[in-house]
Structure formats: structure tokens, C-alpha cells
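Working notes, structure below.
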Amino acid sequence: MEVIMFWILAVIIVASAIATVFSKNIIYSAFSLLFSFLGVAGIYAMLSADFLAVTQIMVYVGGILTLLLFGVMLTNRITTMSLKTDVFNFIPGLIIAAVMLGSLLYVIWVTGTWAKHSPAVWDTTVESIGTLTITQYLLPFEMVAIILLVAVVGASYIARKDKQNIKS
Amino acid sequence: MESLTLNHFLTLSAILFSLGVFGVMTRRNAVVVLMGIELMLNSANINLIAFSRFNGNLDGQMLAIFVIVLAAAEAAVALAIILNMYSNLKTVNLDEVDQLKE
Numbered sequence: 021m022e023v024i025m026f027w028i029l030a031v032i033i034v035a036s037a038i039a040t041v042f043s044k045n046i047i048y049s050a051f052s053l054l055f056s057f058l059g060v061a062g063i064y065a066m067l068s069a070d071f072l073a074v075t076q077i078m079v080y081v082g083g084i085l086t087l088l089l090f091g092v093m094l095t096n097r098i099t100t101m102s103l104k105t106d107v108f109n110f111i112p113g114l115i116i117a118a119v120m121l122g123s124l125l126y127v128i129w130v131t132g133t134w135a136k137h138s139p140a141v142w143d144t145t146v147e148s149i150g151t152l153t154i155t156q157y158l159l160p161f162e163m164v165a166i167i168l169l170v171a172v173v174g175a176s177y178i179a180r181k182d183k184q185n186i187k188s
Numbered sequence: 013m014e015s016l017t018l019n020h021f022l023t024l025s026a027i028l029f030s031l032g033v034f035g036v037m038t039r040r041n042a043v044v045v046l047m048g049i050e051l052m053l054n055s056a057n058i059n060l061i062a063f064s065r066f067n068g069n070l071d072g073q074m075l076a077i078f079v080i081v082l083a084a085a086e087a088a089v090a091l092a093i094i095l096n097m098y099s100n101l102k103t104v105n106l107d108e109v110d111q112l113k114e
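If you're matching them up, the sequences are chains A and B in order.
Be aware that the first sequence starts at 21, since it is given in the numbering used here, and climbs by one per residue.
Be aware that the second sequence starts at 13, since it is given in the numbering used here, and climbs by one per residue.
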């Protein structure tokens, strides 16, 4: 049962990632990225990371993908210009991606010596993650909070329009 | 049918990472390049969570949470830069943004 679910999710993820990368239409790319993110959230749930599965759906699907769609809508004049974009450097990109995939798979399947023992089973990880966040990982947590604040303020400052008019 | 091992998840994540690299290298539109970067970050997260599960501690999941937060910050800043690029240069094709070349 678990194996069947893994293969279904893997096929969904890889097929929609291929559609994202190869599609000529940017909107199709964005929407197939949605299915890829949802499949990855399913993989997280299979690995008993329930909190991260929900976080993935809320942040990636609800936040980042919406942001990407805004980016597509704001940077392409839909009424006048077509949303087509072409794939160039096809052969070099394919060679580099294939070499990288081959070397990664070689490392994983041939030289990897990590233990393949039966995985730990957790009921829920939310309580443990909350405890770790305010004890062992308190400093990184605060740092990442400041980084997020600075990044969002900086992004809204950079993206602001008509700086001259606002100044005067 | 055999049960799932760590290698299954690592292989899935390697395929996803290669697709992300291919997207970053071959697409002209800056927004689609950003989508390739998000695919690569997702594959790294799959790796972290799989190792966390098979090692039996939660350190990998904590690291994955930080990766997700930084991905959100990175997407916001990158889209702000792309919007500025569009309002200044009227294009988001990365091969036409070569003003520093001459």
C-alpha cells in the first residue's frame, strides 16, 4: 500500500516537473508546478512529517505559487503579447542535467553506505518540533524571523513604483 | 513488492533536482527560472526529511522548515527584482538583459 502510494506520488511529481520545465506557456508551467508541490507535500506526509506537509501546502501553494503567478501576470502584457517562451540551449542543458542525474544516482545507488534500517515511526511531530524550536533551535529561529522581515520590507521597497513621485 | 528504502526517496529527489537544473539552464523567462530554483529547493527538502525519518531524529525536519522560510524570502526578493527589471527594460528574457557586457 505504501509502495503503491509512493509510486503514484512520484509519477505525479516527476510528470508535472517535466511539464513545468518543458511547457511553452508560462501559465501551464505555473499550474503544473502546483501539482508538483502538492505531490511533494504527499511525500512529506508519507515520511511522517505532518507539520511540514501542511507548511508546504500553506507556504508553497498558498504563498510562493501565488507570488509567481502575480509575477507572470505583471511582467507579461497578456492582451498584447503572447505568453509563449521558448526553450533554448536545449542540448547543453540536457547534457548537464543528464550528467548531474547520472552522478547523483551513481553516488546514491553504488557508493552510498548509509544504513537502510527500518524507519522510526512517530505519531505526530508537531509537539516535538515546537519544543525544538524554542530550545535547541531558538537562535536560528530568531535569525530566520529577522531575515524574513528584512527580505519582505526590502522586496516591497524594491518593487515600489514611481519613486520620484513619492519623494516629491 | 519490496518495502520502501531510503534510496527510493533519494532517487526521486535526484530526478527532481536534475529537472530543476535543466529548467534554470534552458529557459529564457526569468519567472520560469525561479520555478526551476523552487523545484531544486523542494528536492533538497525531500532529501532532508527522508534522512530525518530514516535516522530517527527531527534535525532534518527543523532544517527543512528553515529552507521553506528562506525560499519564501528568496521568492519575494527575486520577484521584486524581476518586476523592476520589467519596468526598466521592458523585458524579462534573461538573454536580453546584457547591458553590462559592453
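For glycine and all other residues, C-beta sits at the position ideal for the given N, C-alpha and C.
Note that this is a predicted model, so its numbers are computed, not measured.
(request) Check whether the Cβ atoms of S68/A and V141/A sit closer than 8 Å, and answer yes or no. (result) yes
(request) At 4 residues or longer, and completely inside the stretch 29 to 105 of chain A: list those alpha helix (DSSP H) runs for me, N to C. (result) 46 to 66, 70 to 75, 85 to 95
(request) Mind listing the chain B neighbours of V31/A? Cutoff is C-beta to C-beta under 7 Å, in chain order. (result) Going along chain B, no residue has its Cβ under 7 Å from V31/A, so there is no contact; the nearest lies around 10 Å.
(request) Would you kindly work out how many angstroms separate the C-alpha atoms of A8/A and Y48/A, rounded to a whole number? (result) Outside the displayed span of chain A (21 to 188) sits residue 8/A, for which this structure offers no information.
(request) Please state if the CB of L87/A and the CB of L91/B are separated by a distance shorter than 8 Å. (result) yes
(request) Mark S123/A as exposed unless 16 or more other C-beta atoms lie within 10 angstroms of its C-beta, in which case mark it buried. (result) exposed
(request) Consult DSSP for R39/B and reduce its assignment to one of helix, strand or coil. (result) strand
(request) Could you give the DSSP three-state label for N105/B: helix, strand or coil? (result) strand
(request) Could you have a look at S148/A and say whether DSSP puts it in helix, strand or coil? (result) helix
(request) Please list, in chain order, all residues of the same chain as N57/B whose beta carbon is under 6 Å from its beta carbon, the five residues on each side excluded. (result) A76, V79
(request) Report the three-state DSSP secondary structure of D71/B (helix, strand or coil). (result) helix
(request) Please confirm whether A62/B and L31/B have their CB atoms less than 8 Å apart. (result) no
(request) Just the chain A side, please: which residues come within less than 9 Å of V33/B by C-beta, in chain order? (result) G113, I116, A117, M120, L121
(message) I'd like to check one pair, T40/A with G35/B: are the Cβ atoms closer than 8 Å?
(response) yes
(request) Could you tell me which chain B residues have their CB closer than 7 Å to the CB of L125/A, listed as they occur along the chain? (result) T23, A26
(request) Measure the Cβ-Cβ separation of L46/B and A85/B and say whether it is below 8 Å. (result) no
(request) Give the straight-line distance between the Cα atoms of T131/A and A117/A, rounded to the nearest whole angstrom. (result) 20 Å
(request) Kindly list, in the order they appear in chain A, the residues whose Cβ is closer than 7 Å to that of V45/B. (result) Near V45/B there are no residues of chain A at all, since even the closest Cβ is about 10 Å away, more than 7 Å.
(message) Starting from S123/A, trace the alpha helix (DSSP H) in both directions and tell me its first and last residue.
(response) 110 to 126
(message) Quick check on the DSSP output: the alpha helix (DSSP H) that includes Y177/A runs from which residue to which?
(response) 158 to 178
(message) Tell me the rounded alpha-carbon separation between Q73/B and T75/A.
(response) 11 Å
(message) Using the three-state DSSP reduction, which class does M52/B fall into: helix, strand or coil?
(response) helix
(message) Strictly under 8 Å for the Cβ-Cβ distance: is E108/B near chain E by that measure?
(response) No chain E is present in this structure, whose protein chains are A and B.
(request) Mark G91/A as exposed unless 16 or more other C-beta atoms lie within 10 angstroms of its C-beta, in which case mark it buried. (result) buried
(message) Measuring only from the beta carbon, is V41/A closer than 7 Å to any heavy atom that is part of the ligand HEM?
(response) Ligands in the displayed structure: none, and consequently the ligand HEM is not present.
(message) Please classify T108/B as buried or exposed, where buried requires at least 16 neighbouring CB atoms within 10 angstroms.
(response) The sequence given here places Glu at residue 108/B; Thr does not occur at that position. E108/B should be labelled exposed.
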